[in-house]
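*Asks:* Start counting the sequence shown at 1; every next residue gets the next number (full-length UniProt numbering). Virtual Cβ for every residue (Gly too), placed ideally from N, Cα, C. Take a look at this one; I'll ask things after.
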Amino acid sequence: MDEIIRILTQALAELVAPTTAAYALAAIGLNLHFGYTGLLNMGQAGFMLVGAYGFGIATIAGAPFALALLIAAAAGTLFALVLGIPTLKLRGDYLAIVTISAAEIIRWLGRSTVFQQWTGGASGLLGKSYKETFQALSFLPGGRTAVGPLDYINNGSDSWWTRLFAWALVLLAVLFVWLATRSPWGRVLKGIREDEDAVRALGKNVYAMKMQALVLGGVLGSLAGVLYVLPSAIAPDAMGRTMTFFTWTVLLLGGAATLFGPVLGSMLFFFVYMLLRTGMRTGLGSWVGATQVEQIGGLLVGVTLMLLVVFRPQGILGNKKELAFHGR
């Protein structure tokens with residue numbers, strides 16, 4: 001019984017974890033790309049990595065927290081422009097090919113010894129080198145606080161302060177998307193998703209609208225990268241293809257083109273994922289090692305994503321009619 005409670009507590013902790021918030025924010029940005037505009041961005045991890053590097057390098061150079069956050073957003077904007085300018089006039093899957101390749105380029109540049117003095121190379125940047133300005137903003141008292149079964153320090157890397165900031169940023173992003181998608185601008189984006197030729201015939205600049213959506217979703221992705229590294233460190237190999245794969249799973253699980261789908265998808269995904277991993281470590285620990293448990297977990301995520309695409313592409317909160325355009 002105690003073992004079951006421990007497993008459930010660890011899974012429950014994932015519901016409010018900073019990593020869960022980071023993936024929710026990244027999925028909100030991806031939702032602007034795919035759910036509302038129809039852009040196939042397969043390199044959201046690239047946006048997250050440039051945002052993390054922008055924030056970390058700026059902070060180490062002496063920038064205050066707010067300025068470092070703006071630099072992270074600017075890095076995401078620049079990355080979106082570099083990707084979008086040559087590809088957004090093209091149709092089909094060209095953007096997907098470019099984004100997944102560009103995300104890998106960013107990861108390998110981060111690992112490269114050429115930029116090691118700024119990026120730390122394959123070892124990345126230690127968290128203690130860029131976290132002080134963020135932790136100095138905390139208004140929480142010292143010590144620990146328990147909320148039900150969850151007990152964390154108030155300040156520090158794995159703290160309530162990190163969780164409060166992360167989820168507050170997610171809520172702000174949800175509010176922004178709610179306002180944006182209900183504006184005339186948001187309705188044009190949905191029109192582009194459904195039939196960009198018809199929108200172009202009405203005199204709208206489809207290329208400019210796509211670029212705006214790519215930039216805004218990329219900025220949210222870069223800020224998600226900041227959230228992801230606040231409780232840990234910046235490691236390029238931790239922000240690769242698997243991260244994009246998980247972000248797509250989160251989005252499709254919750255529901256593309258929905259307001260709260262990315263948030264629900266992230267919380268549900270990481271709750272179940274942690275439940276499976278801790279359960280397998282406990283139940284199969286005598287037969288398989290930790291590496292095999294991670295591999296089995298990745299296999300189950302892949303199967304889940306395939307089943308979602310086949311049997312419920314609209315996700316939990318989505319409307320199948322919203323995704324009808326993808327079957328054309």
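For serine 159, which of Leu189, Pro149, Thr145 and Val170 has the nearest alpha-carbon?
*Replies:* The shortest Cα separation from serine 159 among Leu189, Pro149, Thr145 and Val170 belongs to Thr145.
*Asks:* Decide if the stretch 114 to 133 is in contact with the stretch 221 to 238; the criterion is three or more beta carbon pairs, one per stretch, under 8 Å apart.
*Replies:* Flag = yes, the stretch 114 to 133 and the stretch 221 to 238 touch.
*Asks:* Since I believe alanine 96 is in contact with leucine 171 (beta carbons under 8 Å), could you give me their beta-carbon distance rounded to a whole number of angstroms?
*Replies:* Not a contact, Cβ separation roughly 30 Å.
*Asks:* Tell me the rounded alpha-carbon separation between leucine 189 and threonine 119.
*Replies:* So the alpha carbons of these two residues sit roughly 36 Å apart.
*Asks:* For threonine 242, is the classification buried or exposed, using 16 other Cβ atoms within 10 angstroms of its Cβ as the cut-off for buried?
*Replies:* By the neighbour-count rule (16 or more Cβ atoms within 10 Å), threonine 242 is not buried but exposed.
*Asks:* Can you list, in chain order, the residues of its chain with a C-beta nearer than 8 Å to that of threonine 247? Leave out the 5 residues immediately preceding and following it.
*Replies:* Excluding positions up to five away in sequence, the list reads Tyr23, Ala26, Ala27, Leu30, Gln44 and Ala45.
*Asks:* With three or more C-beta pairs closer than 8 Å as the rule, is the stretch 60 to 77 touching the stretch 3 to 21?
*Replies:* No, they do not touch.
*Asks:* Buried or exposed: where does proline 18 fall if 16 or more other Cβ atoms within 10 Å of its Cβ makes it buried?
*Replies:* Per the 10 Å Cβ criterion, buried.
*Asks:* Between the alpha carbons of leucine 299 and serine 123, how many angstroms are there, rounded?
*Replies:* Going from the Cα of leucine 299 to the Cα of serine 123 covers about 27 Å.
*Asks:* Quick one: using the 10 Å Cβ neighbour count with 16 as the cut-off for buried, is tryptophan 161 buried or exposed?
*Replies:* By the 10 Å Cβ count, tryptophan 161 comes out buried.
*Asks:* Taking isoleucine 60 as part of the alpha helix (DSSP H), name the residues at either end of that continuous run.
*Replies:* 44 to 60 is the extent of the alpha helix (DSSP H) around isoleucine 60.
*Asks:* With 16 as the cutoff for other CB atoms within 10 Å, does tryptophan 167 come out buried or exposed?
*Replies:* Label assigned to tryptophan 167: buried.
*Asks:* Using C-beta distances below 6 Å, list every residue in its chain close to threonine 258, excluding the 5 sequence neighbours before and after it, in chain order.
*Replies:* Around threonine 258: Leu317 and Gly318.
*Asks:* Do alanine 73 and valine 303 count as a contact pair if the criterion is CB distance below 8 Å?
*Replies:* The answer is no: Cβ separation not under 8 Å.
*Asks:* Per DSSP, which one or two residues make a beta bridge with residue 347?
*Replies:* Nothing about residue 347 can be reported from this structure: the residues present for the chain run from 1 to 328 only.
*Asks:* Residues in its own chain within less than 6 Å of glycine 54 by CB, not counting five upstream and five downstream?
*Replies:* Result list for glycine 54: Ile71, Ala72 and Ala75, in chain order.
*Asks:* Let me check understanding here. Comparing Cα to Cα, which of Arg277, Asp151 and Leu305 lies closest to valine 293?
*Replies:* Checked all of Arg277, Asp151 and Leu305; the closest Cα to valine 293 is Arg277.
*Asks:* Using 8 Å as the cut-off, can you tell me whether the stretch 249 to 263 makes contact with the stretch 99 to 114, which would need three or more C-beta pairs spanning the two stretches below that distance?
*Replies:* The stretch 249 to 263 is not in contact with the stretch 99 to 114.
*Asks:* How many Å lie between leucine 140 and leucine 164 at the Cα?
*Replies:* Spanning the two alpha carbons is a distance of roughly 10 Å.
*Asks:* Rounded to whole angstroms, what's the CA-CA distance from glycine 143 to methionine 274? Just pull it up for me.
*Replies:* Cα to Cα, glycine 143 sits roughly 27 Å from methionine 274.
*Asks:* Quick check: what's the CA-CA separation for glycine 297 versus arginine 182?
*Replies:* Cα to Cα, the separation comes out at about 38 Å.
*Asks:* Assign methionine 280 to buried or exposed, taking buried as 16 or more other Cβ atoms, counted over all protein chains shown, within 10 Å of its Cβ.
*Replies:* Looking at its Cβ environment, which holds 16 or more other Cβ atoms inside 10 Å, methionine 280 is buried.
*Asks:* Pop quiz: valine 250 and leucine 32 are said to be a contact at Cβ under 8 Å. What is the actual Cβ separation, rounded to whole angstroms?
*Replies:* The pair is not a contact, with the Cβ atoms about 14 Å apart (cut-off 8 Å).
*Asks:* When the distance is taken between beta carbons, is serine 222 closer than 8 Å to methionine 48?
*Replies:* Closer than 8 Å, so yes.
*Asks:* Tell me whether glycine 327 is buried or exposed, calling it buried when 16 or more other Cβ atoms sit within 10 Å of its Cβ.
*Replies:* Only weak support exists for where glycine 327 lies, its pLDDT of 42 falling under 50; the value from the coordinates is given anyway. Classification of glycine 327: exposed, given that the 10 Å Cβ count is below 16.
*Asks:* Around the C-beta of glutamine 117, are 16 or more other C-beta atoms found within 10 angstroms, so that it is buried, or is it exposed?
*Replies:* Glutamine 117 should be labelled exposed.
*Asks:* Across which residues does DSSP place serine 159 in a beta bridge pair?
*Replies:* Answer is Ile153, bridged to serine 159.
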